[in-house]
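Colleague: With the first letter of the sequence shown counted as 1, position 117 gets the number 116 in numbering that gives the first Met the number 0; the numbers rise by one all the way through. This is the structure I have questions about; it appears just below.
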Amino acid sequence: MSQLGATTQGKYDFFPNQKIAGVSRKVDGQSAGNCLKMTGLNISNGTQSNQEPSTPEHIKKYRKSYKQQHGKTILHYGVADDVIDKSRPFGHKVLPSDHADQCLKNDQYKGINQLISEINENKYASRHKEPLGKRMERNYNFPQETQSQNFRFGKVTQQNEYTGKEVMFPQEIQDNDGVQNYVKSFGDQRVGCQKDRNYNWPVDKNQHRFGKQNSEVFDEIKYCLNQESLPDQFQKTTIVKKKQEDFRNYKEDPLGQPKNQGQVNSYVGSQTVYGARPKNQDEWSVGNCIKGEATLKQALPDSDLGKTNKFGFRNTTKPGDEDRCFGVPTIRDDINKPKVRSVADPNNYGDEPSGVQLLFPQVYEHMGVSQQDFQKKRPKAEIRSIFEAVGIKYKTGKFEGIFARAMEIEGTQEEEVSVRAFEMANAEMGHLD
Numbered sequence: 000m001s002q003l004g005a006t007t008q009g010k011y012d013f014f015p016n017q018k019i020a021g022v023s024r025k026v027d028g029q030s031a032g033n034c035l036k037m038t039g040l041n042i043s044n045g046t047q048s049n050q051e052p053s054t055p056e057h058i059k060k061y062r063k064s065y066k067q068q069h070g071k072t073i074l075h076y077g078v079a080d081d082v083i084d085k086s087r088p089f090g091h092k093v094l095p096s097d098h099a100d101q102c103l104k105n106d107q108y109k110g111i112n113q114l115i116s117e118i119n120e121n122k123y124a125s126r127h128k129e130p131l132g133k134r135m136e137r138n139y140n141f142p143q144e145t146q147s148q149n150f151r152f153g154k155v156t157q158q159n160e161y162t163g164k165e166v167m168f169p170q171e172i173q174d175n176d177g178v179q180n181y182v183k184s185f186g187d188q189r190v191g192c193q194k195d196r197n198y199n200w201p202v203d204k205n206q207h208r209f210g211k212q213n214s215e216v217f218d219e220i221k222y223c224l225n226q227e228s229l230p231d232q233f234q235k236t237t238i239v240k241k242k243q244e245d246f247r248n249y250k251e252d253p254l255g256q257p258k259n260q261g262q263v264n265s266y267v268g269s270q271t272v273y274g275a276r277p278k279n280q281d282e283w284s285v286g287n288c289i290k291g292e293a294t295l296k297q298a299l300p301d302s303d304l305g306k307t308n309k310f311g312f313r314n315t316t317k318p319g320d321e322d323r324c325f326g327v328p329t330i331r332d333d334i335n336k337p338k339v340r341s342v343a344d345p346n347n348y349g350d351e352p353s354g355v356q357l358l359f360p361q362v363y364e365h366m367g368v369s370q371q372d373f374q375k376k377r378p379k380a381e382i383r384s385i386f387e388a389v390g391i392k393y394k395t396g397k398f399e400g401i402f403a404r405a406m407e408i409e410g411t412q413e414e415e416v417s418v419r420a421f422e423m424a425n426a427e428m429g430h431l432d
């Protein structure tokens, strides 16, 4: 509910004969619009607040926004509130003699210090089993054969004709009679085998080669690129008679030109027009046949053009309807606008917002307050209640003076001014006591 609407609530009864059902409640700042926009009315000063409510501190650690902060250490919500002593180090405290730098310096012993270090290290069993730089000694007693340099563990596999593919995918061995039975009954040839039709060849088919064997030729690419270099492959140029050349031009079809029909006349140029010239110039030409020669009466539109010849379907205009517009107007200025408009009323009474108003709405349009509400004349008591609702209170004398100045700005003698006129008067006289 808007601020201006809140001040007029309960002052005007638009339905005097209807009883309100249910319980009417009025709670400032808790309308559905404010709940959706996260805005509300500040009860202390009566102003509209646009600030979103912040998340309580004990709830922040459970939200995703807490885990997506940049530059901060994100802790689990179970330990987020734990008090940590920053001066206390984590881990197990070692003895003073077990420092890492002393362990790393053991290899740097020389002379007597190195001898003492080796004597101290010999008492460990790992020193004897796994000496540094050597393999582990297990003191096994191997046979004498293992001492040979060419000795190898395992059993030697005999090399055969089978490959790894045949070992992984072994083939079943079938006799030739069984294979031939499948070929004869089902025509099932083995994969990769040539089909044998049992022909009686006069030659050995495995050794015989079909075709003609060409003699060995060199420089074949050269001859393909330059065919004229082949001797005795092309006929030499011969000079023939003129009649033979003319017959060849007449008989063959020249490339890109019409065929010579033997009708070439050297006395006829390219601008020659064929055909017989008409003796009488009044005879009709092809253009006259296409365009015609209609008279003025024939060129005029038909008398029944745009009309119907069927009786009962002629849309003749009645006297007085020459300028009449049929249909329903878009803006219904032909009917009276109802005092209270229904939600299901689809009519446009001229008060709908234009395209510019939809693209660039007014400042307080989202609150249900338009510019007409600021320019609407209101009585003195309503003007005072509106400004007191926004936290501006006046003494009786000061309010009367500002209201009188607003009446002068409005140019009216009645005790009704608009909110805009009262704001202008307040800007001029608001600093006066």
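From the three backbone atoms N, C-alpha and C, an ideal C-beta is built for every residue, glycine too.
1. Since P378 sits in a beta bridge, which residues does DSSP pair it with?
2. My output table needs one value for N347: the three-state DSSP class, helix, strand or coil.
3. Check whether the region 396 to 416 touches the region 425 to 432, taking contact to mean three or more Cβ pairs, one atom from each stretch, closer than 8 Å.
4. For M423, which residues in the same chain have their Cβ closer than 8 Å to its Cβ, ignoring the five residues on either side in sequence?
5. Taking the continuous alpha helix (DSSP H) assigned at A403, which residues delimit it?
6. Between which two residues does the alpha helix (DSSP H) holding R126 run?
7. Is it the case that the Cβ atoms of Y76 and K60 are separated by a distance below 7 Å?
8. Which one or two residues does DSSP pair with I330 in a beta bridge?
9. Report buried or exposed for R383, applying the criterion of at least 16 other Cβ atoms within 10 angstroms of its Cβ.
10. I need the boundaries of the alpha helix (DSSP H) containing N287, first residue and last residue.
11. Measure the alpha-carbon distance for E117 versus I73 and round it to whole angstroms.
12. Where do the ends of the alpha helix (DSSP H) carrying L131 lie?
13. On the CB-based measure, 16 or more other CB atoms within 10 Å of its CB, does A420 come out buried or exposed?
14. Out of P318, C192 and Q371, point me to the one whose CA is closest to V178's CA.
15. Excluding the 5 residues preceding and the 5 following T307 in the sequence, name in chain order all residues of the same chain whose CB lies nearer than 6 Å to its CB.
16. Any idea what DSSP makes of V182, helix, strand or coil?
17. Go ahead and label M366 buried or exposed: buried means 16 or more other beta carbons lie within 10 angstroms of its beta carbon, across all protein chains shown.
18. Please check if any C-beta of chain C sits within less than 7 Å of the C-beta of E409.
19. Does the contact criterion of 3 or more C-beta pairs under 8 Å hold for the region 408 to 418 versus the region 361 to 379?
20. Give me the Cα-Cα distance between L3 and S341, rounded to the nearest whole angstrom.
21. Can you look up A426 in the DSSP assignment and give me helix, strand or coil?
22. For the candidate residues D195, K211 and Y348, whose alpha-carbon lies nearest to that of K204?
23. Can you check whether the CB of F13 is closer than 7 Å to the CB of V368?
24. Where does K241 sit, in a helix, a strand or coil, going by DSSP?
25. Compute the distance between the beta-carbons of G349 and I334, then report whether it is under 7 Å.
Modeller: Reading it off the structure:
1. E415
2. The three-state secondary structure of N347, taken from DSSP, is strand.
3. yes
4. A405 and I408
5. T395 to E409
6. A124 to K128
7. yes
8. The partner list for I330 (beta bridge, DSSP) reads N347.
9. buried
10. V285 to K290
11. 51 Å
12. Element bounds for L131: n/a, residue is neither H nor E.
13. buried
14. C192
15. R313
16. helix
17. buried
18. Of the protein chains in the structure, only one exists, and it is not chain C.
19. yes
20. Note that L3 scores a pLDDT of 48, beneath 50, so its modelled location is shaky; the value from the coordinates is reported in the next line. If you draw a straight line from the Cα of L3 to the Cα of S341, it comes to about 21 Å.
21. helix
22. If we check each option's Cα against that of K204, D195 comes out closest.
23. no
24. helix
25. no
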